[in-house]
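Chains as they are written, first to last, in UniProt numbering: chain A, 1 to 772; chain B, 1 to 772.
By construction, the Cβ of each residue, glycine as well, lies at the ideal position given by its N, Cα and C atoms.
Source: prediction; values computed, not measured.
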């Protein structure tokens with residue numbers, strides 16, 4: 001755990017230069033706008049530790065699979081979003097001496113990621129080896145108004161000399177992934193064009209043939225006045241630059257405004273890429289940096305209006321939760337249903353920018369509650385569009401008749417992952433994708449989604465489950481053999497309770513969905529029956545038979561659901577008895593030892609109880625929680641949120657807060673020593689859930705919002721913004737009461753502490769805390 | 001299946017050139033002498049499909065592990081016996097035109113591997129692109145008399161021209177493994193020395209720093225007379241050659257005799273390698289090719305005297321079984337306890353020449369029965385010497401107090417393999433290593449082995465088992481969770497019957513062994529107690545507690561042992577119902593589908609029943625056989641032999657013969673389409689077992705040999721040679737009777753059809769078949 005960042009409610013601030021932590025800081029201070037993103041690398045040369053990272057959403061490369069021992073069925077490649085052109089680069093020389101902070105004495109260093117307005121600023125004084133001293137201030141952002149645009153204001157002031165300042169803004173697309181299975185470069189050259197004050201590079205990904213045009217245009221000012229510079233453009237492979245010299249006086253500020261853009265062939269015809277990039281950049285340059293920045297701040301203000309969480313009395317918590325919301329909004333905007341949410345967003349290469357079940361299980365609720373329903377809907381449509389690939393994927397594994405198995409890891413719908421116990425067996429992801437449809441409709445009320453898209457996905461997944469179970473003559477029930485549940489510290493188990501539960505839930509929901517469509521849109525229903533080749537006689541009956549005869553492991557004596565067959569054969573030790581030196585298990589124990597131990601990586605049975613809580617009485621929930629939580633090591637950042645929510649539900653406010661704390665500042669404090677690889681974007685949504693569903697006790701039942709809030713002991717108050725079916729609400733929880741403000745033009749009835757409350761338009765209700 | 005080889009009782013013969021099958025033929029016609037070995041590559045240039053392969057036993061390189069997803073506990077490297085210097089090379093030019101069969105018209109091609117005498121011969125007529133025609137006869141062998149020596153006789157006769165023949169015998173140590181995880185070369189250069197008619201290369205393996213000196217010396221004759229040649233020696237990196245021209249007349253034979261040697265620093269001080277190699281080669285050259293060949297033939301005759309199996313009435317079967325015996329004897333001679341038996345022997349790179357449990361489970365019985373006891377004993381001592389590494393290996397996995405887990409795959413005692421379900425979980429190998437001690441003592445009567453070496457290994461393994469089980473409160477018994485049994489088509493299962501059975505057997509045998517040593521060698525016992533830090537009070541008691549309270553899965557209703565918990569939850573389909581297009585499963589089905597299916601790769605419960613058959617009555621054996629065999633796909637070449645032996649025991653002679661057939665000519669007919677990677681050396685021992693233990697019904701019980709033979713319907717007779725405690729026996733089974741000839745100087749009492757027979761020295765007994 002590292003606590004080198006300054007606590008501030010709206011900004012992440014590094015005071016003083018921490019080169020040893022630079023790769024962590026580069027992750028934390030990342031910028032993104034859903035379309036592109038970038039680690040907080042320096043504009044100027046830096047020979048110290050750095051992980052360059054620029055990413056263009058949707059532009060990926062199928063890197064050839066690396067594996068020790070091939071298993072039949074493995075995918076041939078792992079698709080990864082590529083490290084793309086560096087568009088921020090500005091080489092700086094002072095009388096011919098290169099500015100490189102790794103070689104300078106650095107003082108007054110300050111880096112700020114301003115979350116309220118969405119920009120990154122860095123200021124420092126550097127003393128070069130020659131003794132020359134300069135002051136630099138660099139500010140940049142990736143625009144959320146025009147998501148192809150980035151802009152930089154880079155200011156240099158000589159402090160103790162007059163001389164020549166040489167600046168070389170460049171675009172470098174000759175980039176290599178740090179993560180490349182066979183040390184290959186993934187980009188080839190298409191075109192370079194360098195003009196004196198602008199330049200463009202088009203690079204193409206191998207195999208996938210995406211084109212990305214990256215351009216720059218710049219303006220220089222001294223004393224606030226634009227000056228003409230005599231720049232020499234240069235081109236080399238996948239690289240353009242413009243170099244110019246200006247005379248500088250001691251104390252005189254020279255400012256380079258650099259406007260950049262990334263346009264990809266995903267959004268523009270290849271033949272228009274260059275022209276369009278020029279247009280986009282010219283428009284940005286015309287507006288100018290300050291105007292672009294004003295628009296950026298306004299757009300971020302609107303985002304915060306919808307999604308902010310305020311915490312009074314705990315600035316560190318305030319900073320932590322805002323950071324999570326900020327990063328989630330930087331990662332996914334929901335404007336393009338071809339895109340999704342990589343576990344590291346645009347903050348690193350790890351996991352290759354691919355999509356996991358994290359999206360449906362952890363991220364969806366955040367976007368449902370804080371953005372236009374279209375945003376969450378696009379996450380669903382992403383999977384709908386991958387349905388044919390999911391059917392192909394299932395066919396590769398021997399399934400037939402339109403059964404669909406969504407991949408564990410994907411970009412384009414094809415499976416990328418190659419660990420048999422995950423790729424082939426961690427099939428509960430299929431359930432999460434089905435459940436997301438339910439979740440979306442439950443929240444939005446948009447049940448037309450079923451007929452339009454949902455049923456097709458549900459039928460594909462149900463067909464998979466119905467084939468994936470088999471009849472056990474020994475048990476006279478259906479069993480599900482050889483699966484890996486959410487707890488990846490068990491592999492290839494039989495009858496994982498969570499997986500079996502979500503499987504039959506899917507079957508039930510699919511039957512209901514079909515019935516709903518049949519009743520509400522009979523024509524569409526007929527169309528679907530035909531399109532899906534649905535055997536109306538046999539398939540629903542077979543699904544019902546599975547529902548009615550599914551085996552779920554339980555222990556009657558303990559009154560708990562069993563994570564899987566044989567769980568009680570394990571040595572029943574508890575996490576509290578583990579020596580600290582054995583933690584984290586995944587770094588200290590061999591894999592087999594972890595597998596046969598009782599220890600649970602992340603919520604498994606409890607994940608199921610969380611999803612389907614209304615099925616279980618509090619005592620059942622408590623017994624399972626009390627049994628599994630002490631055996632859970634939470635070595636996935638996706639684990640604590642579920643525990644926080646269940647602890648809150650069980651009235652254990654202290655534990656709920658403890659679980660919240662585990663992820664609240666995960667990346668800000670580099671809690672797991674791995675933030676240098678990138679931020680834990682998807683687990684940030686889990687932290688949001690801990691607050692809203694955990695502390696706030698928010699649920700949607702029967703088309704109504706429910707709240708059962710409590711306030712953590714150390715906080716004065718907290719509040720969160722929620723969008724719900726055309727309403728914007730601000731829920732504030734103080735020590736005394738719960739204040740719900742309806743900021744919309746329509747009244748809304750909701751449940752607080754299980755009491756109906758109708759709140760008029762533009763009004764606020766105050767409800768006293770219910771004492772347990 | 002390919003049947004392009006000529007059936008012959010003593011030779012493997014290829015008539016006509018089959019370049020498409022060349023890599024298969026190179027495997028099948030391999031030569032070896034336990035110290036070095038070689039694929040049947042051509043001496044002269046060949047630009048067609050070929051897999052060069054020369055191997056020097058014990059000389060390995062730790063190739064960096066390649067893995068998709070690292071698991072804690074994986075080894076850093078995979079040690080592999082390296083492809084070493086090519087010592088057979090002879091470039092041939094005719095009037096400057098290179099002889100390359102890939103570019104010639106080839107006629108009268110014949111290749112013969114003479115198993116009786118241990119040599120490889122190749123003859124052909126080649127018409128070069130220029131039209132020049134030559135006759136070539138090449139004969140070579142790796143000496144089993146001096147196992148560092150190889151010799152080649154290479155004869156060239158121009159058929160339709162007179163001109164210049166240029167020969168360039170060379171040694172090339174600039175060799176790359178086809179199997180290299182990161183495309184590295186593994187050899188570096190130490191020294192080259194080229195003289196006109198001899199030359200030497202010393203190459204060193206990276207990281208392990210083995211030195212191997214490979215040398216050549218040659219003599220040329222025309223008209224049977226040695227001629228002087230004016231050879232120009234050349235050296236380049238890791239390569240020496242001597243090039244000379246001779247005038248040749250049409251019809252005149254020129255013969256190059258090339259004497260070569262491979263000496264390694266495993267057997268010679270590095271500083272003496274060059275000198276010693278010169279000595280060895282000079283001695284060989286002095287003897288001359290024909291004399292060396294006579295010695296070779298005599299030595300092989302002696303081997304056959306001990307190990308031959310004769311089959312009358314089935315020449316293909318005769319050829320098949322001799323091929324297996326020949327290859328086993330080429331692979332391992334038992335003279336060096338640092339060496340072991342790679343699954344491919346010296347016939348290919350696959351499996352890296354490493355040691356598997358194949359050695360103990362399948363190969364040991366062959367060497368026990370056909371060679372001096374020292375040979376089998378050295379296989380045991382190999383493991384004894386690795387005991388400290390096995391203890392380290394167990395420590396890496398969290399075991400303590402001297403518990404030993406032998407590696408799944410090894411050369412130097414360290415684990416090489418990196419699939420968690422195998423490396424960490426296929427722990428039954430530990431049992432096989434314990435059982436081999438029992439097997440050796442049962443056969444040889446050499447129970448002093450226990451005190452000298454055996455007990456230490458047994459205690460280490462027993463300590464492992466005692467820690468690997470855990471007490472299940474649910475079952476009130478010990479369970480063994482998370483294992484992979486011999487059937488690798490199941491992974492990470494609980495309570496694999498075979499593994500649990502061999503575990504408690506080990507504990508029992510260790511207790512007996514300790515008691516035996518205590519009674520017979522009390523001083524040594526005290527020494528061992530101290531050396532092993534044996535807690536005499538606690539450890540044996542704990543082992544006994546495990547023995548007494550172990551859980552074994554069974555199904556009472558079916559009266560069978562269950563392969564593992566939950567086996568009967570599987571869909572109970574049978575192999576006969578599998579469509580042919582689904583076979584082999586491991587190429588047609590995804591791994592998860594294989595795992596959750598009922599199908600068994602190789603004997604698992606039946607392997608246990610085979611090992612411990614005296615514990616079970618025939619009906620129990622039959623029920624288990626009848627249950628498991630129809631579910632077994634035999635996709636390991638190690639599976640059929642166990643089934644053959646059990647089928648024979650159950651009186652099902654037809655099935656026994658069928659199982660024998662599956663591996664009898666596995667490589668000769670390239671049954672599995674994979675012989676190009678090398679021959680299935682360890683499964684050859686299984687075929688031998690099918691004949692001797694299956695058809696011959698040979699067992700050792702209570703210090704006596706037992707036979708219960710039958711004769712397969714299509715055979716006139718078969719006979720096999722057996723060494724047993726100083727006796728040499730020839731057991732011949734005809735349609736009429738069983739003839740047992742005692743070729744030794746002492747009478748021997750044995751059991752035939754459960755009747756005691758005493759056979760005098762140099763006498764033969766004839767016993768009529770018992771009719772069932």
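Partner residues on chain A for residue i, Cβ-Cβ distance less than 7 Å
i	result
residue 479/B	569
Rounded separation between residue i and residue j - CA only
i	j	result
residue 655/A	residue 722/A	25 Å
residue 522/B	residue 515/B	10 Å
residue 503/B	residue 418/B	23 Å
residue 441/B	residue 448/B	9 Å
residue 772/B	residue 400/A	Low confidence applies here, because residue 772/B scores a pLDDT of 43, under 50, leaving its location unreliable and the question unanswered by this model.
residue 65/A	residue 182/A	9 Å
residue 759/A	residue 749/A	6 Å
residue 438/A	residue 690/A	21 Å
residue 353/B	residue 98/B	34 Å
residue 134/B	residue 160/B	8 Å
residue 289/A	residue 119/A	12 Å
residue 377/B	residue 452/B	12 Å
Closer than 6 Å: residue i CB and nearest the ligand MN heavy atom
i	result
residue 83/B	No copy of the ligand MN occurs in the structure displayed, which carries no ligand at all.
From the options, residue whose alpha carbon lies closest to that of residue i
i	options	result
residue 144/B	758/B, 284/B, 92/B and 7/B	284/B
residue 628/B	664/B, 610/B, 603/B and 614/B	603/B
residue 304/A	747/A, 737/A and 719/A	719/A
residue 709/A	744/A, 674/A and 768/A	768/A
residue 208/B	162/B, 274/B, 256/B and 63/B	63/B
residue 356/B	46/B, 677/B, 406/B and 385/B	406/B
residue 642/A	327/A, 606/A and 744/A	606/A
residue 702/A	370/A, 444/A and 320/A	444/A
residue 693/B	87/B, 139/B and 707/B	707/B
Listed by chain order, chain B residues near residue i by CB distance under 9 Å
i	result
residue 265/A	Ordered by position in chain B, no residue passes the 9 Å Cβ test against residue 265/A, which lies about 30 Å from the chain.
residue 589/A	72, 73, 397 and 398
Under 7 Å from the C-beta of residue i: neighbouring residues of chain B
i	result
residue 474/A	568 and 569
residue 593/A	397 and 398
Chain-ordered neighbours of residue i on chain B, where CB pairs are closer than 8 Å
i	result
residue 68/A	65, 66, 67, 68, 418 and 419
Threshold first: 3 residues or longer. Then list the beta strand (DSSP E) segments lying entirely within the segment 274 to 352 of chain B, N to C. Within the segment 274 to 352 of chain B, the complete beta strand (DSSP E) runs of at least 3 residues are 309 to 312.
At least three beta-carbon pairs within less than 8 Å, the segment 154 to 167 of chain A to the segment 238 to 257 of chain A: They touch, by the three-pair rule.
Tell me whether the segment 310 to 325 of chain A and the segment 640 to 658 of chain A touch, counting them as touching only if at least three CB pairs, one residue from each stretch, are closer than 8 Å. Cβ pair count under 8 Å is below three, so no.
Given 8 Å as the limit, is there contact between the segment 632 to 651 of chain A and the segment 598 to 618 of chain A, that is, 3 or more CB pairs closer than that? Touching, per the Cβ criterion.
Three or more C-beta pairs below 8 Å linking the segment 574 to 585 of chain A and the segment 494 to 511 of chain A: Contact fails: fewer than three Cβ-Cβ distances are below 8 Å.
3-residue-minimum beta strand (DSSP E) runs that sit fully inside the segment 686 to 724 of chain A, ordered along the chain: DSSP runs (the beta strand (DSSP E)) wholly in the segment 686 to 724 of chain A: 699 to 701, 704 to 707 and 717 to 724.
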